[in-house]
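> The structure follows.
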Amino acid sequence: MENNLDQIHQQALNELEGAESIREIEDISIRYLGRKGVLTRFLRNISHLPADQRPMAGKKANELKKILDQAFRQASEKHQTQDAAGEQGIDVSLPGRCVTCGAMHPISLINEQICGIFSGLGFDIAEGREVESDYYNFEALNFPKDHPARDMQDTFFISDDTVLRTHTSPQQIRTMEKQAPPVRIILPGKVYRCDSDLTHTPMFHQVEGLLVDENISFGDLKGILTTFVHQMFDEQTSLRFRPSFFPFTEPSAEVDILCIMCRGRGCRVCSHTGWLEILGSGMVHPALYENVGYDAERYTGFAFGIGVERIAMLKYGIDDIRRFFENDMRFLAQF
Ligand code: DAH
């Protein structure tokens, strides 16, 4: 009797091993455990055994029934997973695919860093429009019609009276129109100029700064910009203010920093001058106060405009501005 059960057990396992689909496993299960199955018949025939063997045979046969039942179920579950993977053409033995994480664009990184520094100095942050009227882009900033200073900006015209803003400075006017002094604000954004080479792209980023209050002097401008440069680069980076011209500031200055590559000794990056230009600035021209209805006798202030790409190129040692906009993952993944 026991031999018989062992045989059934062994045979069932052998058949199960050869099964190649859930269907086959089901067939085997029916053949052994079904109503007319081998084991079921064995159980039914126990009554023909000698009385002293019946209890033992019943116990063993029921145990085997449980064992086989579990073996069939496990085999069937295993096949189910494999079949599902197989149907979708998945090779479950391959190692998993890594999820690649995105990263911040280098220009966004520098933009955030610049805004972070000024925010720490008490400046608010606001953004403005990219399609601007001639009035805000030029006229209100003291560029009269036909003024030669308009030539400094290679403007994209949408119509005679509408342009893609060539700088973030129009936001100075919009801010002052909305808000009475004191004003202390940072205005980051995209700007557009019809220009393209190693150091120019038709779209680039600026961060405009504006501070207007009573008793603001050029010394305040120097202090704020020096703090900015020291935080953006390092304490050893000295600045120089070089007289310049912008219609909306008087006096105007361009700010150079000591070349961060050669520390002033002269190299290719600074064209052997030892200095690198990083921004334009100056004291707000009284004509602007008039345009926005501020009392020019009572208030003074300063403004500045930083080129974000310029700072990013210096910080990361990149010599072609166009890299930022080619979306080459090998480049972008490095930041
Ligand atoms: N808007 C100027 C430009 O794009 C940069 C600039 C210069 C902004 C002086 C200012 C400033 O606010 O005071 O070339």
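Sequential numbering of the sequence shown, starting at 28, is according to our numbering. Quick reminder that beta carbons are idealized off the backbone N, C-alpha and C, glycines included. Note that the structure is a prediction, hence the values are computed from the model and not measured.
(1) For A102, does the three-state DSSP call read helix, strand or coil?
(2) Tell me which residues share the same chain as D188 and place their Cβ nearer than 7 angstroms to its Cβ, disregarding the 5 neighbours each side in the sequence.
(3) Do D355 and L225 have their CB atoms nearer than 8 angstroms?
(4) Mind checking whether the beta-carbon of H194 lies closer than 7 angstroms to any heavy atom of the ligand DAH?
(5) Evaluate contact between the segment 252-265 and the segment 281-290, counting only Cβ atoms and requiring at least three cross-stretch pairs below 8 angstroms.
(6) I want to check one thing, is the minimum distance from the CB of F184 to the heavy atoms of the ligand DAH below 7 angstroms?
(7) Give a yes or no on whether the C-beta atoms belonging to A330 and N169 are separated by under 8 angstroms.
(8) Beta carbon of E157, beta carbon of R124: below 8 angstroms?
(9) Is it buried or exposed, I185, if we count other Cβ atoms within 10 angstroms and call 16 or more buried?
(10) In angstroms, rounded to a whole number, what distance separates the CA positions of S120 and G332?
(11) Note down, in chain order, each residue of its chain lying with its Cβ closer than 6 angstroms to the Cβ of G301, except the 5 sequence neighbours on either side.
(12) Classify Y321 as helix, strand or coil using the three-state DSSP reduction.
(13) According to DSSP, is S186 part of a helix, a strand, or is it coil?
(14) Is the closest heavy atom of the ligand DAH to the C-beta of F272 under 7 angstroms?
(15) Is G216 near the ligand DAH, judged by its Cβ being under 7 angstroms from some heavy atom?
(16) Have a look at I117 and Q107 and give me their C-alpha separation to the nearest angstrom.
(17) What do you get for N138, buried or exposed, if any count of 16 or more other CB atoms within 10 angstroms of its CB means buried?
(18) Using the Cα positions of P133 and G250, report the straight-line distance between them to the nearest angstrom.
(19) In this structure, how does DSSP classify V256 when only helix, strand and coil are distinguished?
(20) With DSSP collapsed to three states, give me the class of I243.
(21) If we ignore side chains and look at the alpha-carbon of each, how far apart do F165 and F352 end up?
(22) Output needed for I243: all residues of its chain with C-beta closer than 6 angstroms, excluding positions within five of it in sequence on either side, in chain order.
(23) Could you tell me the alpha carbon to alpha carbon distance between I212 and E241, rounded to whole angstroms?
(24) Within the present structure, is the beta-carbon of E154 separated from the nearest heavy atom of the ligand DAH by less than 7 angstroms?
(25) Quick one: residues in its chain with C-beta nearer than 7 angstroms to the C-beta of V65, no 5 flanking neighbours on either side, listed in chain order?
(26) Could you tell me if M83 is buried or exposed, where buried requires 16 or more neighbouring beta carbons within 10 angstroms of its beta carbon?
(27) Going by the CB atoms, is the gap between T202 and A153 shorter than 8 angstroms?
(28) Using the C-alpha atoms, what's the distance from G344 back to Q198?
(29) Name the residue from M131, A323, E336, I305 whose alpha carbon lies nearest to the alpha carbon of V218.
(30) Give me the Cβ distance between R81 and I73, rounded to the nearest whole Å; I'm assuming they're in contact under 8 angstroms.
(31) Please name the residue in Q258, G320, D181 whose C-alpha comes closest to that of E204.
With the given structure in hand:
(1) For this step, residue 102 is matched to residue 75 along the sequence shown. Here A102 sits in helix by DSSP.
(2) Locating residue 188 in the sequence shown gives position 161, where the first residue counts as 1. Counting only residues of its own chain and dropping the five nearest sequence neighbours on each side, D188 has a CB closer than 7 angstroms to the CB of S160, D161.
(3) Residue 355 sits at position 328 when you count from the first residue of the sequence shown. Residue 225 sits at position 198 when you count from the first residue of the sequence shown. Not a contact, by the Cβ cut-off of 8 angstroms.
(4) Position 167 of the sequence shown, counted from the start, is the residue given in the question as residue 194. H194: yes, Cβ under 7 angstroms from the ligand DAH.
(5) yes
(6) Residue 184 sits at position 157 when you count from the first residue of the sequence shown. It does not: the Cβ of F184 is nowhere closer than 7 angstroms to a heavy atom of the ligand DAH.
(7) Numbered from its first residue, the sequence shown carries residue 330 at position 303. Numbered from its first residue, the sequence shown carries residue 169 at position 142. For the pair A330 and N169, the CB atoms are not nearer than the 8 angstroms cut-off.
(8) Start at 1 with the first residue of the sequence shown, and residue 157 comes out as number 130. Start at 1 with the first residue of the sequence shown, and residue 124 comes out as number 97. No, these two residues do not count as a Cβ contact at 8 angstroms.
(9) For this step, residue 185 is matched to residue 158 along the sequence shown. Exposed, because fewer than 16 other Cβ atoms sit within 10 Å of the Cβ of I185.
(10) If you number the sequence shown from 1, residue 120 lands on position 93. If you number the sequence shown from 1, residue 332 lands on position 305. Near 57 angstroms, if we compare the C-alpha coordinates of G332 and S120.
(11) Start at 1 with the first residue of the sequence shown, and residue 301 comes out as number 274. Same-chain partners within the cutoff: C286, G291, G293.
(12) Start at 1 with the first residue of the sequence shown, and residue 321 comes out as number 294. Coil at Y321, not helix or strand.
(13) Here residue 186 refers to the residue found at position 159 of the sequence shown. Strand at S186.
(14) To locate residue 272, count along the sequence shown from 1; it is residue 245. Flag unset: Cβ of F272 not near the ligand DAH.
(15) Start at 1 with the first residue of the sequence shown, and residue 216 comes out as number 189. No.
(16) Here the question's residue 117 lines up with position 90 in the sequence shown. Here the question's residue 107 lines up with position 80 in the sequence shown. Approximately 14 angstroms between the Cα atoms of the pair.
(17) Walking along the sequence shown from the start, residue 138 turns up at place 111. Looking at its Cβ environment, which holds 16 or more other Cβ atoms inside 10 Å, N138 is buried.
(18) Counting from 1 along the sequence shown, the entry for residue 133 is found at position 106. Counting from 1 along the sequence shown, the entry for residue 250 is found at position 223. The alpha-carbon atoms of P133 and G250 are separated by roughly 27 angstroms.
(19) Position 229 of the sequence shown holds residue 256. Helix, per DSSP.
(20) As a working note, residue 243 is residue 216 in the sequence shown. Coil, per DSSP.
(21) Taking the first residue of the sequence shown as 1, we reach residue 165 at position 138. Taking the first residue of the sequence shown as 1, we reach residue 352 at position 325. Their Cα atoms are separated by approximately 28 angstroms.
(22) Mapped onto the sequence shown, residue 243 falls at position 216. If we look at I243 and ignore the five residues flanking it on each side, its Cβ neighbours are T327, G328.
(23) Residue mapping note: residue 212 aligns to position 185 of the sequence shown, counting from 1. Residue mapping note: residue 241 aligns to position 214 of the sequence shown, counting from 1. Distance between the alpha carbons of I212 and E241: 16 angstroms.
(24) Locating residue 154 in the sequence shown gives position 127, counting from the first residue. No, the ligand DAH has no heavy atom inside 7 angstroms of this Cβ.
(25) Position 38 of the sequence shown holds residue 65. Answer for V65: I35, R58, Y59, listed in chain order.
(26) As a working mapping, residue 83 is identified with position 56 in the sequence shown. With fewer than 16 Cβ atoms within 10 Å of its Cβ, M83 is classed as exposed.
(27) The count along the sequence shown starts at 1 and reaches residue 153 at position 126. The count along the sequence shown starts at 1 and reaches residue 202 at position 175. Using a Cβ distance threshold of 8 angstroms, A153 and T202 count as a contacting pair.
(28) Counting from 1 along the sequence shown, the entry for residue 198 is found at position 171. Counting from 1 along the sequence shown, the entry for residue 344 is found at position 317. One C-alpha to the other measures close to 30 angstroms.
(29) Locating residue 218 in the sequence shown gives position 191, counting from the first residue. Comparing Cα positions, the closest option is E336.
(30) Sequence index remark: in the sequence shown, residue 81 carries index 54 (1-based). Sequence index remark: in the sequence shown, residue 73 carries index 46 (1-based). So it is a contact: roughly 5 angstroms between Cβ atoms.
(31) For the purposes of this step, residue 204 is taken as residue 177 along the sequence shown, with counting starting at 1. The option with the nearest alpha carbon to E204 is G320.
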